[in-house]
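Everything in the sequence shown is counted per this note's numbering, starting at 5 for the first residue and increasing by one.
All C-beta atoms, glycine included, are put in the ideal place defined by N, C-alpha and C.
Scroll down for the structure; my scribbles are underneath it.
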Amino acid sequence: MSSIKVNLLSISLMQYFYKLKAYTTLVYGLITAQLIALLFSLGGVSSSGGSSGELSVMVKNYSANIVLIFSLVWIMFIALKLTTKQYKNMEIALVTNRITGNLSNIGMLATACVFGGITASLSGVLFRVVMYFSSDRSQIVWNGFFLAFSDLLLGIIVAILYMFVISALGYFIGVLIQLNGVFAIIVPAVVMGSFKVYADFSQAVLKFLTFENSLPLFALKIICIAIVLFGASLLLSNRMEVGK
Numbered sequence: 005m006s007s008i009k010v011n012l013l014s015i016s017l018m019q020y021f022y023k024l025k026a027y028t029t030l031v032y033g034l035i036t037a038q039l040i041a042l043l044f045s046l047g048g049v050s051s052s053g054g055s056s057g058e059l060s061v062m063v064k065n066y067s068a069n070i071v072l073i074f075s076l077v078w079i080m081f082i083a084l085k086l087t088t089k090q091y092k093n094m095e096i097a098l099v100t101n102r103i104t105g106n107l108s109n110i111g112m113l114a115t116a117c118v119f120g121g122i123t124a125s126l127s128g129v130l131f132r133v134v135m136y137f138s139s140d141r142s143q144i145v146w147n148g149f150f151l152a153f154s155d156l157l158l159g160i161i162v163a164i165l166y167m168f169v170i171s172a173l174g175y176f177i178g179v180l181i182q183l184n185g186v187f188a189i190i191v192p193a194v195v196m197g198s199f200k201v202y203a204d205f206s207q208a209v210l211k212f213l214t215f216e217n218s219l220p221l222f223a224l225k226i227i228c229i230a231i232v233l234f235g236a237s238l239l240l241s242n243r244m245e246v247g248k
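This is the structure we're talking about:
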């Protein structure tokens with residue numbers, strides 16, 4: 005029994021390292037998406053102003069949060085792609101089964117989330133550097149401009165956790181679609197319908213995931229949801245036909 009567990013773990017690790025090398029090109033998509041998001045951020049996210057007599061004030065707000073949004077879209081795309089038949093066929097040359105294949109995919113997604121979370125957070129630092137040297141410094145509001153290391157570390161952790169739960173959701177949806185193609189229509193319809201018909205419930209879910217002041221509790225919520233989604237993906241994947 006112990007040898008089976010060791011073999012399962014060792015095979016999953018072998019596939020994990022193989023996929024890291026085989027899918028390195030997917031990282032270019034993340035870098036491209038984040039650079040595009042940074043370019044969008046340079047235009048500012050909002051502006052406001054007012055005037056009194058001859059005095060007028062215009063305030064423009066800048067934020068690199070759009071980089072995180074693009075990163076979340078990227079990890080969702082990657083999670084969906086890993087469940088497709090095209091990527092499953094890459095495992096043919098390996099000694100594999102449903103469990104080891106899914107475990108190696110989850111490991112790869114976790115690694116991608118760590119990388120994406122770090123780069124997304126560091127892009128905020130890069131954005132500040134660009135704004136510092138390209139803007140009129142006399143017009144910069146310095147309060148909160150410089151990012152403390154503790155805030156940077158917190159941002160990295162939160163970004164990784166958000167990407168992890170989004171990757172779990174994307175992987176679960178991908179498995180559903182592979183199980184039956186009709187889910188490609190049902191899932192978007194259910195999501196959009198929920199936001200319209202059950203607006204209060206949808207807002208409660210978003211509040212549950214976003215309005216949490218305690219980092220340990222927030223991490224516990226995200227990890228538990230991700231475990232449930234990945235666990236459901238494993239169970240559904242075992243019900244698929246061999247060719248899927």
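- Less than 7 angstroms separates the beta-carbon of Q19 from that of T104.
- With at least 16 other beta carbons inside 10 angstroms of its own, K23 counts as buried.
- The residues A41, F44, S45, in chain order, have a CB closer than 6 angstroms to that of I70 in the same chain once the five nearest residues on each side in sequence are set aside.
- In this structure, the beta-carbon distance from L180 to A124 does not fall below 7 angstroms.
- Nearest to V195 by C-alpha distance, out of F212, I177, K211, Q182, is I177.
- Excluding its 5 nearest sequence neighbours in each direction, I226 has C-beta neighbours in its own chain below 8 angstroms: L165, Y166, F168, V169, L213, listed in chain order.
- Measuring C-alpha to C-alpha distances from Y32 to each of G120, Y175, A230 identifies G120 as the nearest.
- Beyond the five residues adjoining it in sequence on each side, A83 comes within less than 7 angstroms, by CB distance, of L113, S171, G174, Y175, G178 in the same chain, given in chain order.
- Shown here for N242: same chain residues with a beta carbon closer than 6 angstroms to its own, the five before and five after excluded, namely R102 in chain order.
- Non-local beta-carbon contacts of L238 in its own chain, meaning distances under 6 angstroms to residues more than five positions away in sequence, involve N106 in chain order.
- With respect to the 7 angstroms criterion, L76 and N109 are not classified as neighbours on the basis of their beta carbons.
- The Cβ atoms of Q38 and S127 sit closer than 7 angstroms to each other.
- When the beta-carbon positions are compared, I160 and I122 come within less than 7 angstroms of each other.
- DSSP, reduced to helix, strand and coil, places N217 outside both helices and strands of the structure shown, so it counts as coil.
- Comparing C-alpha distances from C117 to each of Y91, V129, F74, F150 shows the shortest one belongs to F74.
- The straight-line gap separating the alpha-carbon atoms of S218 and V191 is approximately 31 angstroms.
- The beta carbons of L240 and L183 sit closer together than 7 angstroms.
- With respect to the 7 angstroms criterion, A68 and F137 are not classified as neighbours on the basis of their beta carbons.
- Taking all protein chains shown into account, F222 has 16 or more neighbouring C-beta atoms within 10 Å of its C-beta and is therefore buried.
- The continuous alpha helix (DSSP H) containing N109 extends over residues 102-138.
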